[in-house]
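Using UniProt numbering, the letters of the sequence shown map in sequence onto residues 1 to 117. Yeah, the Cβ is synthetic: ideal placement off N, Cα and C, and Gly gets one too.
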Amino acid sequence: MEISGKIIAVLPLQSGTGRNGTEWKKQDYVIETHDQYPKKMCFNLWGDRIDQFAVQMGEEVTVSFDIDCREWNGKWFNDIRAWKVDRNSGAEMNAAPFQQSAPVEFTATDAKDDLPF
């Protein structure tokens, strides 16, 4: 799955030690779309991908991600894990999302128009 938009929040880096003794780190980011009704989504990067993609506040990006769910203490949690982050050029993001055609003019041309409205 993919989503494009602007990074509006970079949350603090989290790290710890797993059950098997290995170190882990993850960082969460919030992206906001440029739709008519903008949507926000929090996604995360794990391990080396944090440094590999080096996502910064205010960047225009397209994020490829997978959604997973896990259970912990009888509760279920969704995880939106990014596996690829592409930076968008300014031209892509400033393009209009649709092409507007010329307005259609409606006039009464038929005296026998039998529509009720």
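Alpha-carbon to alpha-carbon, residue j and residue i
i	j	result
Asp66	Lys84	10 Å
Asp51	Val63	15 Å
Gly47	Asn20	16 Å
Thr33	Phe77	23 Å
Leu11	Phe43	10 Å
Val30	Lys39	10 Å
Gly74	Met41	25 Å
Thr17	Trp72	17 Å
Arg70	Ala54	27 Å
Exposed unless 16 or more other CB atoms sit within 10 angstroms - verdict on residue i
i	result
Gln27	buried
Glu92	Caution applies to Glu92, whose pLDDT of 48 falls short of 50 and renders its modelled position unreliable; the model cannot decide the point.
Ile8	exposed
Ala82	buried
beta-carbon residue i near the ligand NAD non-hydrogen atom, thresh 7 Å
i	result
Val10	Within the structure as shown, the ligand NAD is missing, as the structure has no ligands at all.
Element boundaries [alpha helix (DSSP H), containing residue i]
i	result
Arg49	49-53
Endpoints, beta strand (DSSP E) assigned at residue i
i	result
Asn78	75-87
Tyr29	23-32
Glu2	2-10
Closest Cα partner of residue i within the set the options
i	options	result
Leu45	Gly21, Lys25, Ile3, Asp68	Lys25
Gly5	Leu11, Arg49, Gln36, Gly16	Gln36
Arg49	Met1, Leu13, Asn88, Lys40	Leu13
Arg87	Glu71, Arg70, Met57, Asp68	Met57
Ser89	Lys40, Met1, Glu60	Glu60
Asp68	Ile80, Gly74, Lys75	Ile80
Under 8 Å between C-beta atoms of residue i and residue j
i	j	result
Ser15	Glu23	yes
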